[in-house]
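J.: Counting with our numbering, you get residues 1363 to 1948 for the letters of the sequence shown.
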Amino acid sequence: SHIWSIKTPKIRARIPLNFTGSVNFASNIYNHDYSETLTDVLENENDWMAWGDASLNYGIATAYTNLLFSSREDKNTQRINRHTLGFKLPFWEVVAGDYTPQISNFVLNNRNQYGLYSRLYERQIGLEVVAGEIVRSTKLPDTDENGVAIPAPGGTFRQEVVGGRLRLGTEQGFCISISGARNRDIISSLPKEQYTTTNHLGDDVYSVMPKDNVVLSMDVRIHVPEQNMVFGAEVAGSVLNTNTLDPIITSEDIEQIAPELDMIDPTEISEFFTVNRNMRPFLPSKHNFAVTGYYRTLFLNNLISASYTAVGSAFNSLSINELAKDTSQLNISDHFFIGRYFNLNSGFTRTQNNLALTGSETHTSNTWYAQAMLRIPNYPYLKGSYFYTDSSNKNNSRVQDAAAFVPYKRNTNSFSVGLGYDFWQIPIVPSQLDISYRAGSNNNLQGKTEDTLYEIFSNSINVSMTNRLTVAPLRTQFVFSKATQEKESGLLTPTDITSGNLNLFARLEYAFLAEKLIPYVSYRRVSLTGDLAEKSFDYISLGLDARPIQGMNISTGLSQKYQKYTADPNLKNNLLTWNFMISQRF
């Protein structure tokens, strides 16, 4: 029989090229109208912002960019504009421009840096490297409002950061990491006359001083998936030079100051860190360390978390936004849930300062809280919460005599209850109702006899309802809230004071063309009473939300604020605002 053979051409599978992104623009224009006798009015300046993002994906590779431009960008303030360009593979990523790396809790975390960032992330090893500018150079005005020269007006030095993190092991099991960062103020980035002047003795006086900072840390993480358990710890140490303008000390100086560090030659490490008499601390101690530990587990529908953090009084990390020094904090929390029907969050936080015992007093604060919600489909939902905080101080007899110590005790507690219901049974106007009530108190006792400085009692009620018609594309929203506060007399308040806040809000919107055009109108009134000047605010807004084509959203509106003073009806502080925003996704 005949044998037939067919040769088929080889066809390679085409890898799709995907491109996504968006462009956006938003602006606000203000028109102020206020009485000239008012001196506390802050005028808003017209502003605009434009931003966009784009992502190009081809197989395992992704290139992306993010851009943001703002009218508030000023060379003499810190950076507002953002520019980012990145490239990513499953095991490697590199970013140029603005980026916010999270190297470590103590080394580099949640600070924008402008430069380069790269990371290698394999299963058993990970490496992150960052280098760039974390603070840019700015100059304060050298003359006052009258044109008089200001000697050494100050500013900020350009601060550069170099850091990284090396991880060994898998994050799904056991891993150990070493992190570090060096921050340095570049002296040449700011003219000398901006920060240096001379006193009557002929000595230099600095209005701002450049710094050097080095932070090193080690952290361990253990993840046990079978037990739904994660725990870890981190310890970090730092050294800070508060003024690198002073000359570097010599090896002979080190032998006199700290003989145990005679192996260090300051001139050899000056490119990395400036060693002079402004180092804090000069010799390592427990006070220039920070430690943290955490534990998380899921057990019988309980998500339990516990953490402890202690920061020494001499620990400094210029790559961290906010770091409370000489303070410890303990956090314990539990999130208990039963499906989507019941949630209970509870916890305890204890904060204490003066760990180094160098302050005259030690302040301690304890907070307990609990929040719960019961939501069963087709039934009213219930919610409630309770918060309690007590604070006190303790004398440090090493620093302060007992006779000079003034003890205090403060406690704050509040509770709230609420309920809500979705009235889906109403055929024409399905509605959602939410009602909540809150009450609380706050008192402050002072002295050994615990005299009352003041007591505050507060309560508030909030009612909101949202309606959506089924026979017409009409949606309404109504909100009412009223809060009162009574401050009873004590040593600081010889008379009782009662203040209040009344808030009314209503909004109506109607959809046209299958919700492509949604005009709306809203009204809000706020009335304030109390020991300050009684006043009221009326806000009237008209706007339009539109989706004319696929991927495009346009929003614009006019809002008029009328502010009135009860004591003087002739005073006014009115504001007209026009806002506009357009967004296009592709």
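A virtual CB, placed ideally from N, CA and C, is assigned to each residue, including glycine. These figures come from a predicted structure and were not determined experimentally.
1. Given V1491, which residues of its chain have a CB within under 6 Å of its CB, disregarding the five upstream and five downstream residues?
2. Which stretch, first to last residue, makes up the alpha helix (DSSP H) that contains D1615?
3. With C-beta atoms as the reference, is N1693 less than 8 Å away from A1732?
4. Spatial neighbours of R1546 within its chain, please: C-beta separation below 6 Å, excluding the five flanking residues on both sides.
5. Work out the CA separation of Q1847 and N1806 for me, nearest whole Å.
6. If we call anything under 8 Å between Cβ atoms a contact, is R1886 one with L1866?
7. Taking the alpha helix (DSSP H) that Y1703 falls in, what are its first and last residues?
8. Mind checking whether S1433 and D1409 have CB atoms under 8 Å apart?
9. If you drop the 5 nearest sequence neighbours on each side, which residues of the same chain put their C-beta closer than 6 Å to that of Q1762?
10. I think S1466 touches S1579, with their Cβ atoms under 8 Å apart; what is that distance to the nearest whole Å?
11. CB-CB under 6 Å to N1393, same chain, minus the five flanking residues each way: which ones, in chain order?
12. By the DSSP assignment, the alpha helix (DSSP H) with Y1557 in it spans what residues?
13. Quick check on the burial criterion: 16 or more other C-beta atoms within 10 angstroms. Buried or exposed for K1849?
14. Check N1758 in the structure and name its three-state DSSP category.
15. Please report how far the alpha carbon of Q1922 lies from the alpha carbon of I1487, in whole angstroms.
16. Give the straight-line distance between the Cα atoms of P1503 and E1407, rounded to the nearest whole angstrom.
17. Compare the C-beta of T1846 against all C-beta atoms of chain B and say whether one is closer than 8 Å.
18. In chain order, what residues of the same chain have a beta carbon less than 8 Å from the beta carbon of I1422, not counting five sequence neighbours either side?
19. Using only CA atoms, which one of E1495, S1632, S1851 and R1485 lies nearest to G1535?
20. With three or more beta-carbon pairs closer than 8 Å as the criterion, would you say the stretch 1778-1789 touches the stretch 1743-1754?
21. Name the DSSP bridge partner or partners of A1595?
22. Compute the distance between the beta-carbons of T1399 and L1933, then report whether it is under 8 Å.
23. Give the straight-line distance between the Cα atoms of N1419 and F1699, rounded to the nearest whole angstrom.
24. Measuring straight from C-alpha to C-alpha, what distance separates I1549 and T1382?
25. Would Q1464 be called buried (16 or more neighbouring beta carbons within 10 Å of its own) or exposed?
26. Tell me the rounded alpha-carbon separation between E1435 and A1412.
27. When DSSP labels each residue in this structure, what does A1676 get in the three-state scheme?
28. Let me confirm a value: Q1556 is counted as buried when at least 16 other C-beta atoms fall within 10 Å, else exposed. Which label applies?
29. How would you write the range of the beta strand (DSSP E) that T1918 sits in, first residue to last?
30. Going along the chain, which residues of its own chain have a beta-carbon closer than 6 Å to the beta-carbon of P1742, five neighbours each way excluded?
31. Please classify E1407: does DSSP put it in a helix, a strand, or coil?
32. Is N1865 helix, strand or coil by DSSP?
33. Around the C-beta of V1653, are 16 or more other C-beta atoms found within 10 angstroms, so that it is buried, or is it exposed?
34. Any idea if L1428 is buried or exposed, counting beta-carbon neighbours within 10 angstroms, 16 or more meaning buried?
35. Can you tell me whether D1627 is buried or exposed? The criterion is at least 16 other CB atoms within 10 Å of its CB, across all chains shown.
36. Hey, could you find the ends of the beta strand (DSSP E) D1402 is sitting in?
T.: Quick look at the numbers:
1. Excluding sequence neighbours, V1491 sits near S1480 and G1526.
2. For D1615, the enclosing alpha helix (DSSP H) begins and ends at S1613 to I1619.
3. In this structure, A1732 does not lie closer than 8 Å to N1693 by Cβ.
4. In its chain, beyond the 5 residues on either side, E1522 and D1574 have a beta carbon closer than 6 Å to the beta carbon of R1546.
5. Roughly 16 Å separates the two Cα atoms.
6. The answer is yes: Cβ separation under 8 Å.
7. No alpha helix (DSSP H) contains Y1703, which DSSP labels as neither H nor E.
8. Yes, the Cβ-Cβ distance between S1433 and D1409 is below 8 Å.
9. These residues qualify, in order along the chain: S1722.
10. S1466 to S1579, Cβ: 5 Å. Contact.
11. Excluding positions up to five away in sequence, the list reads L1938.
12. Bounds of the alpha helix (DSSP H) holding Y1557 are K1554 to Y1557.
13. By the 10 Å Cβ count, K1849 comes out buried.
14. Note: N1758 maps to coil in three-state DSSP.
15. The straight-line gap from Cα to Cα measures roughly 58 Å.
16. Each residue's Cα considered, the two are about 20 Å apart.
17. Note that chain B does not occur in the displayed structure, where there is just one protein chain.
18. If we look at I1422 and ignore the five residues flanking it on each side, its Cβ neighbours are L1451 and P1452.
19. Taking only the C-alpha atoms, the option nearest G1535 is R1485.
20. Result yes; three or more Cβ-Cβ pairs closer than 8 Å.
21. As a beta-bridge residue in DSSP terms, A1595 pairs with V1582 and G1655.
22. Yes; because the gap between Cβ atoms is below 8 Å, this pair is in contact.
23. Straight-line measurement puts the Cα of F1699 at about 39 Å from the Cα of N1419.
24. Between the C-alpha atoms of I1549 and T1382 there is a straight-line separation of about 43 Å.
25. Flag for Q1464 reads exposed.
26. One C-alpha to the other measures close to 12 Å.
27. If DSSP states are grouped into helix, strand and coil, A1676 belongs with coil.
28. The residue is buried, with at least 16 neighbouring Cβ atoms inside 10 Å.
29. Element bounds for T1918: M1914 to Y1927.
30. The residues are L1781 and Y1783.
31. DSSP, read as helix, strand or coil, puts E1407 in coil.
32. Note: N1865 maps to strand in three-state DSSP.
33. Per the 10 Å Cβ criterion, buried.
34. Looking at the sequence itself, residue 1428 is Asn, so the reference to Leu does not match. Flag for N1428 reads buried.
35. Around the C-beta of D1627, fewer than 16 other C-beta atoms lie within 10 Å, and the residue is accordingly described as exposed.
36. Where D1402 is concerned, there is no enclosing beta strand (DSSP E), given that its DSSP letter is neither H nor E.
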